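Read left to right, the sequence shown gives residues 1 to 571 (my numbering).
Even for Gly, the Cβ is constructed at its ideal location relative to N, Cα and C.
Nothing here was measured: the structure is a model prediction, and the numbers come from that model.
Let me begin by presenting the structure, written as structure tokens, before commenting on it.
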Amino acid sequence: MAAARGCPPAGPGDRGLAELLLEFSRAQYRAKDGGGAAANKVERIERRCLELFGRDYRYSIIHNAHGEVCAHYPRHIVIMERDNSTVQVGKLQDLINRSKMARCRGRFVCPVILYKGKHICRSATLAGWGELYGRTGYNYIFSGGSDDAWADAEDISEEDSALRNADSQLFDKVRGHDIKLLRYLSVRYICDLMVENKKVKFGLNVTSSEKVDKAQRYADFTLLSIPYPGCEFFKEYKDRDYTAEGLIFNWKQDYVDAPLSIPASLTQSLSIDWSEYQSWDLVQQTQNYLKLLISIINSDDDSGLLVHCISGWDRTPLFISLLRLSLWADGLIHASLEPSEILYLTVAYDWFLFGHMLVDRLNKGEEIFFFCFNFLKHITSEEFSALKSQRRKSLPPGFTLEEICMLKQRDRGSTTSLSSDFSLGMESSPGAAGSFTYEAVELMPAGAQAQAAWRKSCASSPQAVLWSRAQQSEDRLPSAGMVEVKSSSSSSSTHSDNFLRIGSSPLEVPRSRLVSASDRESRLEEVRSAFLASYSRTIGLKAVPPSPSGAIGGLLEQFVRGVGLRGSSTL
């Protein structure tokens with residue numbers, strides 16, 4: 001595609017993202033379609049993702065070369081590890097193989113983000129009886145005959161309803177394995193984005209969910225029902241000239257039967273009136289749900305989080321991607337990555353390699369993928385920062401976060417004394433890799449005059465100093481699943497042929513970087529700008545019919561003014 005007139009030349013990072021978006025917009029990724037003309041391109045994308053993960057994390061790989069583990073998951077599934085520990089790969093492999101039938105399309109619970117030693121996971125919802133008794137027949141029904149359908153698909157007839165009597169024993173078995181995997185990953189919180197209790201197609205309950213499990217097998221987990229519109233709703237977003245403000249979902253539709261349900265203990269720290277959720281527009285709803293997820297993962301316990309919708313490839317990557325980018329903007333995960341690199345990683349891994357059907361969504365105008373990255377402009381403020389609560393607890397009176405950063409910079413040689421006027425006590429936090437807490441920071445100024453004098457001496461500093469440190473991490477997996485890592489390049493092939501352990505170069509512990517609110521904003525804006533530029537060069541926006549005045553739509557106007565591109569450019 002020729003660049004639009006006035007378009008700045010693309011750099012190496014921009015070209016890599018452009019190639020990724022072009023491949024993404026041409027065909028849906030499927031691990032089971034490992035061959036073909038696009039194989040080399042996919043391999044480059046996969047290698048790039050592994051290299052980016054390896055900048056900050058040590059990880060194992062679950063091999064899924066031909067979709068034998070899951071047809072729509074990456075061929076190299078990354079399991080990030082904590083410092084000085086590793087997963088018991090044989091046990092993890094067994095749990096995955098046994099549990100995958102419990103979830104729609106076999107999209108099992110998969111950890112994708114490591115934060116404070118907690119696994120943030122994604123999956124599809126629970127499979128219903130139709131899929132369990134005949135997966136190929138289920139796939140045909142669920143997809144309307146267009147996806148994963150085979151000529152010899154099993155029919156799910158009325159006679160098959162007799163098998164429902166055996167549901168309890170079957171569900172006990174497969175959901176029991178699913179629960180074991182959740183517990184192995186220390187997941188406690190399960191956030192369900194479905195607007196339905198069960199997905200119904202052609203009169204059949206083709207999926208279920210934890211919140212309506214009749215046997216209450218998931219009662220020991222903290223279940224949150226946070227209904228969020230499906231991809232179909234995002235056609236309205238596109239038709240409104242990509243404007244989410246004022247766009248409100250119709251909660252009175254017949255199929256919408258899942259009310260919002262959040263334990264009160266998880267909402268007390270958030271100044272949100274949850275009873276008003278049906279009146280929120282798309283911006284406010286997405287913002288409030290993201291605040292909730294950040295609050296959960298930022299809690300003091302050691303528990304992980306699972307986010308899922310129905311198939312786990314539209315709404316799920318939306319929130320996984322927003323979480324990854326938000327935590328990165330705070331300097332808490334992927335601290336070594338530049339804006340163009342974290343953008344590439346989340347587009348490639350969270351969306352493309354986990355099976356988002358971009359081609360289909362673009363053809364239908366359901367542009368949830370574009371919404372995700374354009375939405376970054378709505379989460380730049382400190383109220384979406386995972387550091388917010390810690391800053392409130394630990395900033396001493398009279399000092400800002402930036403000033404504490406500069407105090408640390410001035411006293412790199414001592415952890416006990418800054419000068420005769422100040423002392424800074426720092427203790428290693430037991431927090432996990434990729435995080436930093438301020439709980440143990442105590443600043444004792446000599447008085448107001450000393451504070452004023454110090455500020456005056458720093459007035460010429462152009463900006464707050466960013467500083468990094470290696471952070472000890474700890475493994476949350478059960479102790480029975482631990483083996484000591486002897487070498488950063490050790491391999492677990494002796495345990496399982498489907499796993500490979502990779503050592504990061506030479507950073508075995510994720511670094512964390514302290515950032516201020518202004519840094520967070522600029523980092524997210526840079527990611528958004530890079531996305532808009534590459535998206536416009538490759539895919540482009542479908543302009544709404546012009547108004548009588550011939551004015552360009554609001555977002556396209558932003559492209560022209562801010563980036564020098566027009567979304568209507570074509571290949």
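Checking 8 Å against the spacing of the C-beta atoms, do residue i and residue j come in under that value?
i, j, result
"isoleucine 262", "isoleucine 226", "yes"
"tyrosine 189", "serine 303", "yes"
"threonine 346", "arginine 520", "no"
"tyrosine 242", "asparagine 363", "no"
"tyrosine 228", "glutamine 285", "yes"
"cysteine 191", "arginine 361", "no"
"valine 212", "asparagine 197", "yes"
"isoleucine 320", "arginine 122", "yes"
"leucine 126", "serine 209", "yes"
"methionine 194", "alanine 258", "yes"
"leucine 20", "alanine 533", "no"
"leucine 343", "phenylalanine 531", "yes"
"isoleucine 77", "isoleucine 62", "yes"
"glutamate 367", "phenylalanine 234", "yes"
"isoleucine 310", "asparagine 288", "no"
"isoleucine 296", "leucine 266", "yes"
"phenylalanine 370", "tyrosine 535", "yes"
Tell me whether residue i is buried or exposed, calling it buried when 16 or more other Cβ atoms sit within 10 Å of its Cβ.
i, result
"glycine 246", "exposed"
"lysine 542", "exposed"
"arginine 523", "buried"
"arginine 315", "buried"
"proline 317", "buried"
"asparagine 250", "exposed"
"glutamate 81", "buried"
"lysine 252", "exposed"
"asparagine 40", "exposed"
"arginine 324", "buried"
"glutamate 276", "exposed"
"glutamate 442", "With a pLDDT of only 33 at glutamate 442, under the threshold of 50, the placement of this residue in the model should not be trusted, and no figure is reported."
"glutamine 169", "exposed"
"aspartate 220", "exposed"
"histidine 308", "buried"
"glutamine 268", "exposed"
"serine 340", "buried"
"glutamate 131", "buried"
"alanine 264", "exposed"
"alanine 65", "exposed"
"aspartate 254", "exposed"
According to DSSP, is residue i helix, strand or coil?
i, result
"leucine 20", "helix"
"threonine 222", "strand"
"valine 256", "coil"
"glutamate 81", "strand"
"valine 347", "helix"
"histidine 378", "helix"
"leucine 292", "helix"
"cysteine 70", "coil"
"histidine 177", "helix"
"tyrosine 29", "coil"
"aspartate 192", "strand"
"aspartate 14", "helix"
"serine 311", "coil"
"arginine 183", "helix"
"tyrosine 59", "strand"
"alanine 38", "coil"
"glycine 578", "Past the edges of the chain, shown from 1 to 571, lies residue 578, and the structure says nothing about it."
"alanine 102", "helix"
"tryptophan 304", "Inspection of the sequence shows that residue 304 is occupied by glycine rather than by tryptophan. If DSSP states are grouped into helix, strand and coil, glycine 304 belongs with the strands."
"serine 261", "strand"
"aspartate 148", "Since pLDDT at aspartate 148 reaches only 36, below the 50 mark, its modelled position is unreliable, and no value is offered."
"serine 534", "helix"
"valine 359", "helix"
Using 8 Å for Cβ pairs, my map puts residue i next to residue j. What's the rounded Cβ distance?
i, j, result
"aspartate 96", "phenylalanine 108", "In the sequence on display, residue 96 carries isoleucine and not aspartate. Sure, about 6 Å apart at Cβ, within 8 Å."
"leucine 292", "leucine 322", "Rounded, the Cβ-Cβ distance is 12 Å, inconsistent with contact."
"aspartate 281", "isoleucine 248", "5 Å"
"aspartate 300", "alanine 386", "Not quite, the Cβ-Cβ distance comes to about 13 Å (not below 8 Å), so this is no contact."
"lysine 116", "leucine 305", "Actually they are not in contact, since the Cβ atoms of lysine 116 and leucine 305 sit about 11 Å apart, beyond 8 Å."
"alanine 18", "arginine 537", "6 Å"
"arginine 528", "leucine 376", "4 Å"
"phenylalanine 24", "leucine 260", "Wrong, their Cβ atoms sit about 32 Å apart, outside the cutoff."
Counting only C-beta atoms, is residue i closer than 8 Å to chain B at any point?
i, result
"histidine 308", "The question asks about chain B, but that chain is absent: this structure has only one protein chain."
The stretch 63-81 in contact with the stretch 337-356 per 3-pair CB rule at 8 Å: yes
Is there contact here, the stretch 167-178 with the stretch 94-102, by at least three beta-carbon pairs under 8 Å? yes
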